[in-house]
Amino acid sequence: MNLLDKLPDSVQKAELYYQKSADTSIDFKGWKIKSTETTVNEGYSLRAIEGGRLGFSGSTKTGGIEDLIESTLQSCRIGEKIDLQFPAHQGEQHIDVWDESIDQLSLEKIASYGNKLQSLLLELKEDCELEISLGKERLENTLENTSGLKVSELKSVFSISAEISRVKEGDFLFLSDRFFSTRLPEDMDSKIDKLAKNILEQYQYADKIESFTPGKKVPVIFTPKAIPALLLPLLVGINGKNIYSKSSPISDKLGEQIFDPKLSIIDDGTIDHKPKSSAYDDEGFLKRPLNIINNGVLENFLFDLYTAKKAGKNPTGSASRDIFSQPFPSSSNIVVNPGKESYGDMLGGISAGILVEELLGVGQGNILSGAFSNPIGLAYKIENGKIAGRLKNVILSGNIYECMKTITAMSSEQEWWGSIYAPYLQLDTLNITSS
1 MNLLDKLPDS VQKAELYYQK SADTSIDFKG WKIKSTETTV NEGYSLRAIE GGRLGFSGST
61 KTGGIEDLIE STLQSCRIGE KIDLQFPAHQ GEQHIDVWDE SIDQLSLEKI ASYGNKLQSL
121 LLELKEDCEL EISLGKERLE NTLENTSGLK VSELKSVFSI SAEISRVKEG DFLFLSDRFF
181 STRLPEDMDS KIDKLAKNIL EQYQYADKIE SFTPGKKVPV IFTPKAIPAL LLPLLVGING
241 KNIYSKSSPI SDKLGEQIFD PKLSIIDDGT IDHKPKSSAY DDEGFLKRPL NIINNGVLEN
301 FLFDLYTAKK AGKNPTGSAS RDIFSQPFPS SSNIVVNPGK ESYGDMLGGI SAGILVEELL
361 GVGQGNILSG AFSNPIGLAY KIENGKIAGR LKNVILSGNI YECMKTITAM SSEQEWWGSI
421 YAPYLQLDTL NITSS
């Protein structure tokens, strides 16, 4: 890029980030293709320290380099006084996140995947609305700084998702499943078959509505799809921004047992074929597996360079960014270690309980406190070790920093949902009310 060479001598340190993305998407709605779209975005962001003050600017005008420099220097003059040490080269690391076959996918081929998935769900056409989204993305970025670092990465992502919705006599039913990877599966047909099968298996309970008497605590199993609702307060709580500001309730709990010893959680951005994986974070630090919770003990927070400096800690390779934002700490792939009991045994051991697939309103309210109170979006009644039917009008509430101090069981099986790889998890301490 050589843009750093154009900076005046008054700039003490600087870092230049370049990103280009090309997205192609096809959407089905109303049981037919609704739209196709290809978008390309490209731009630079510059972060610099002049006179000891930090400045930043971003631009998609790739030819206006002088304007980018000038706006960054103006930002420096009113910026925060802080000394950030941009990293030098830290060694080589290869993470497999590029697949030429994704980049070469034609619109016709992508559409054929959508047509196949639609055909497998055709039996629901009379009663349900269907939305399918498919797409490919090519993402390239380059980072260089005045410490001599220069790293680049090319990433491909293929994604497919399906959503079924039905309104019947005041009852709204929503079912979904999805798949994405940086590598195109050789067994794409089986991936599509599995998506359809998962939705059809859930739909068999559409009209099997069960009642549940709230007011007492019963066993609740969270599927891997529902686990993110439990983890969100923790991921917010370990974010470096909330640590240095001391707004997190666990900012002073490092090294303490805050959860059940069964629970171990790792942030791992080095897993091949995952969209959130990279060799380096967005400041050039090497990605590495990071223990967040180890046998219930809080071991690490997530810091980028800025929040680490403010907290008096070291960066953890957790920086994310885009063209118009300065780096910020973010999780990558979250791995929740499995337990020793099979999901079948967990389910079979419950005489009366709830299996949760999805909660509504996740992310609303006071997330930092760990408290949650969410209506179920999709959940089932467990009766005598089996799924009896679908539940409605039930609210689950609690506080993860309390209820996850005692985890009844975790399954030996794990499944991916988004960027989270988790087992089934059973809690017996949640409050259950009706909505």
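FYI, the numbering used here numbers position 108 of the sequence shown as 108, with every residue one higher than the one before it.
Heads up, the beta-carbon is just placed ideally off N, CA and C, and yes, glycines get one too.
Computed from a predicted structure; not experimentally measured.
Other residues of its chain near residue i: CB distance less than 6 angstroms, five sequence neighbours each side excluded
{"i": "V97", "result": "K155, T182 and S277"}
{"i": "V151", "result": "L143, Y280 and G284"}
{"i": "T444", "result": "This structure cannot settle anything about residue 444, because the visible part of the chain is limited to 1 through 435."}
{"i": "S161", "result": "S133 and R178"}
{"i": "I102", "result": "K136, S156, F158 and L184"}
{"i": "A22", "result": "V40 and R138"}
{"i": "R321", "result": "D282 and P327"}
{"i": "S10", "result": "E50"}
Other residues of its chain near residue i: CB distance less than 7 angstroms, five sequence neighbours each side excluded
{"i": "T72", "result": "L46, A48, G55, F56 and S57"}
{"i": "P496", "result": "Because the chain spans 1 through 435 in this model, residue 496 falls outside it and cannot be assessed."}
{"i": "Q12", "result": "I49 and E50"}
{"i": "E383", "result": "A352"}
{"i": "S35", "result": "D27"}
Beta-carbon spacing of residue i, residue j below 8 angstroms
{"i": "L149", "j": "H89", "result": "yes"}
{"i": "I192", "j": "K109", "result": "no"}
{"i": "P329", "j": "D304", "result": "yes"}
{"i": "T146", "j": "A14", "result": "yes"}
{"i": "E37", "j": "S25", "result": "yes"}
{"i": "V394", "j": "I376", "result": "yes"}
{"i": "L175", "j": "L16", "result": "no"}
{"i": "Y306", "j": "L84", "result": "yes"}
{"i": "F372", "j": "S412", "result": "no"}
{"i": "G348", "j": "E210", "result": "no"}
{"i": "L200", "j": "L254", "result": "no"}
{"i": "I407", "j": "V336", "result": "no"}
{"i": "L391", "j": "Y380", "result": "yes"}
{"i": "K194", "j": "Y244", "result": "no"}
{"i": "S264", "j": "L302", "result": "no"}
{"i": "I432", "j": "V167", "result": "no"}
Proximity to residue i [Cα-Cα], best of the options
{"i": "D428", "options": "N115, S211, E413 and A352", "result": "A352"}
{"i": "D267", "options": "I258, K136 and N239", "result": "N239"}
{"i": "I82", "options": "G52, S75 and G91", "result": "G52"}
{"i": "V40", "options": "K253, T62 and M410", "result": "T62"}
{"i": "G370", "options": "F259, V157 and I65", "result": "F259"}
{"i": "F222", "options": "T433, Y17 and Q414", "result": "Q414"}
{"i": "G30", "options": "L130, V167, Y380 and N300", "result": "L130"}
{"i": "F158", "options": "I164, L105, K125 and R166", "result": "L105"}
{"i": "K405", "options": "L254, N295 and L122", "result": "N295"}
{"i": "Y203", "options": "A111, I164 and T213", "result": "I164"}
{"i": "M346", "options": "E357, K386 and K20", "result": "K386"}
{"i": "I400", "options": "S112, I78, G344 and L232", "result": "L232"}
{"i": "K197", "options": "Q364, S419, G79 and L120", "result": "L120"}
{"i": "G79", "options": "I432, S435, Q326 and S247", "result": "Q326"}
{"i": "K20", "options": "E92, N366 and F324", "result": "F324"}
{"i": "W416", "options": "E123, G64 and K225", "result": "K225"}
{"i": "E92", "options": "E153, G114, D252 and A206", "result": "E153"}
{"i": "E256", "options": "D272, K287 and I292", "result": "I292"}
{"i": "H273", "options": "I65, S434, Y18 and H94", "result": "H94"}
Simplified DSSP state of residue i, which is helix, strand or coil
{"i": "I78", "result": "helix"}
{"i": "I258", "result": "coil"}
{"i": "S190", "result": "helix"}
{"i": "K274", "result": "coil"}
{"i": "N294", "result": "strand"}
{"i": "T72", "result": "helix"}
{"i": "V236", "result": "helix"}
{"i": "N384", "result": "coil"}
{"i": "K6", "result": "helix"}
{"i": "I26", "result": "strand"}
{"i": "N399", "result": "strand"}
{"i": "D177", "result": "strand"}
Own chain, CB closer than 8 angstroms to residue i, minus 5 neighbours either side, in chain order
{"i": "A308", "result": "G240, N314, P315 and T316"}
{"i": "P338", "result": "M410, S411, S412, E413, Q414 and P423"}
{"i": "L360", "result": "N374, P375, I376 and G377"}
### Message
Which complete beta strand (DSSP E) runs does the stretch 81-157 hold, if anything under 3 residues is left out?
### Response
129-145
### Task
Pick out the complete alpha helix (DSSP H) segments inside the stretch 290-368, 4 residues or longer, and give them in chain order.
List check, alpha helix (DSSP H) in window: 305-311 and 343-348.
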